[in-house]
């Protein structure tokens, strides 16, 4: 039996709509004795909201099985004064941090979403405020630095572009708190009491999920859903241990390759 880290967005759902076979696949993985952890960089829903969404699609899980980048941020930034540019839904998950509007010791950049709120959170004035804090000595952190993500409307620009812009302007380097951070994966191994070499990462993102997991010694499965692009796989030096059509086919594939 294996420890399995399942990405969420693009693997179990896209834009809040469950992908075919997701609920049945999760149930079959559990019945086969695998230990599961749901690892996500999503920053548009709180952990509780994400758990509720997945359960509404008959995907059975406890909130404690969901590992978010926001929780990683609290663990790392507790005790610091933090200027956070994040969606409002995420504020509850940042409980424990001292959130400020100025005089920050850390600037935290969250992710974009599909609503007009993104334009408010990442307005010029807010990005300029973040830049000013960095110029005064604050450190730059981000929940992730994804370039884009897949929605029902097609690919949308994500906040990695804003992270790169602040790095360029302030001449600093951001610390990534979510995937593909080795510390993020280490927290998942600890939660499952698993060795990296005996753990599988299942995702749709060749850069964040697959390359990140391989960097810490995991085995990997890339799904042909969400952000999957065949031309990117062909051109990349990063190659997963397996490519599977969707989460629906994953349990059978794993049983044949374990």
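Numbering (our numbering), first residue to last: 712 to 969.
Ideal Cβ positions, reconstructed from N, Cα and C, are used throughout, including at glycine.
Coil, strand or helix - residue i by DSSP
{"i": "residue 728", "result": "strand"}
{"i": "residue 866", "result": "strand"}
{"i": "residue 829", "result": "helix"}
{"i": "residue 884", "result": "coil"}
{"i": "residue 765", "result": "helix"}
{"i": "residue 811", "result": "coil"}
{"i": "residue 722", "result": "coil"}
{"i": "residue 785", "result": "helix"}
{"i": "residue 770", "result": "coil"}
{"i": "residue 955", "result": "strand"}
{"i": "residue 837", "result": "helix"}
{"i": "residue 967", "result": "helix"}
{"i": "residue 905", "result": "coil"}
{"i": "residue 979", "result": "The chain is shown from 712 up to 969; residue 979 falls before or after that span and cannot be answered."}
Close beta carbons around residue i, own chain, < 8 angstroms, minus the five adjacent residues each side
{"i": "residue 833", "result": "796, 823, 870, 873"}
{"i": "residue 862", "result": "725, 726, 825"}
Identity of the residues DSSP links to residue i by a beta bridge
{"i": "residue 748", "result": "716"}
{"i": "residue 796", "result": "820"}
{"i": "residue 850", "result": "817"}
{"i": "residue 777", "result": "749"}
{"i": "residue 910", "result": "714"}
{"i": "residue 861", "result": "866"}
{"i": "residue 806", "result": "808"}
Sequence-distant residues of its chain with Cβ nearer than 6 angstroms to residue i (five each side left out)
{"i": "residue 928", "result": "907, 908"}
{"i": "residue 755", "result": "798, 824"}
{"i": "residue 752", "result": "780, 855, 889, 890"}
{"i": "residue 935", "result": "956"}
is_contact[residue i, chain D] using C-beta, thresh 9 angstroms
{"i": "residue 833", "result": "The structure shown contains no chain D; it holds only a single protein chain."}
Chain-order list of residues whose beta-carbon lies under 7 angstroms from that of residue i (same chain, five-residue window excluded)
{"i": "residue 952", "result": "930, 931, 932"}
{"i": "residue 741", "result": "747"}
Going along the chain, which unbroken runs of the alpha helix (DSSP H) with 4 or more residues stay wholly within the region 920–952? 941–946
Report yes or no: do three or more beta-carbon pairs, one from the region 785–796 and one from the region 746–764, lie closer than 8 angstroms? No, they do not touch.
Three or more beta-carbon pairs under 8 angstroms between the region 914–926 and the region 714–728, yes or no? yes
Between the region 938–956 and the region 730–744, can you find at least three pairs of beta-carbon atoms closer than 8 angstroms? No: fewer than three Cβ pairs fall under 8 angstroms.
Does the structure place the region 769–778 close enough to the region 835–853 that three or more beta carbon pairs sit under 8 angstroms? no
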